[in-house]
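Asker: Sharing a structure here in C-alpha cells format.
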Amino acid sequence: MAESATLHDIWASGLPFGVSCQHCLHRSLVEPRQIGAARGDRTLIDTLPFICTKCGHRTFTTHLFTQRGKARRFMAEYR
0 MAESATLHDI WASGLPFGVS CQHCLHRSLV EPRQIGAARG DRTLIDTLPF
50 ICTKCGHRTF TTHLFTQRGK ARRFMAEYR
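The sequence shown stops at residue 78 when you use numbering that gives the first Met the number 0, and every number in between is there.
What follows is the structure, encoded as C-alpha cells:
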C-alpha cells in the first residue's frame, strides 16, 4: 500500500485491508467500519495504532486490496 493511503481510501474501496505484523508475521483483515473509515477522512493508515494480537508489537505493514479475492488470498497465504 502506498504510504499516502488514507481512511477515505479504505472507505471508498469498500473492501477490508490487510495488516501484517513485522515482528511475528501474524496477519489480519480489517473491515472499514472497524476503524471508523469515513468519506473525506484523510488520516493516514500508517499512523493508526495497531497492536498485534499475537505478539503485542506495534510495527506493521498494511495492504490495500482492489478485489475481495486478493484479500482472501492474503489470508490464505498466511495459513
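Each residue gets a CB set at the ideal place from its N, CA and C atoms; glycine is no exception.
How would you label LEU47, buried or exposed, when you count the other beta carbons within 10 angstroms and need 16 or more for buried?
Answerer: Along the sequence shown, read from residue 1 onward, the residue named residue 47 stands at position 48. Exposed, because fewer than 16 other Cβ atoms sit within 10 Å of the Cβ of LEU47.
Asker: Suppose contacts are defined by Cβ-Cβ distances below 9 Å. Is VAL18 in contact with SER12 by that definition?
Answerer: By one-based count along the sequence shown, residue 18 stands at place 19. By one-based count along the sequence shown, residue 12 stands at place 13. No, the pair does not count as a contact, with Cβ atoms beyond the cut-off.
Asker: List the residues that DSSP assigns as beta-bridge partners of HIS62.
Answerer: Against the sequence shown, residue 62 aligns to sequence position 63. BP columns for HIS62 point to GLY17.
Asker: Grab me the residues of ARG52's own chain with a C-beta within less than 8 Å of its C-beta, minus the 5 sequence neighbours each way, in chain order.
Answerer: By 1-based counting over the sequence shown, the position of residue 52 is 53. The sequence shown places Thr at residue 52, rather than the Arg named in the question. Excluding sequence neighbours, THR52 sits near HIS25 and SER27.
Asker: For a test of the three-state rule: what should DSSP assign to THR46, helix, strand or coil?
Answerer: Here residue 46 refers to the residue found at position 47 of the sequence shown. Note: THR46 maps to helix in three-state DSSP.
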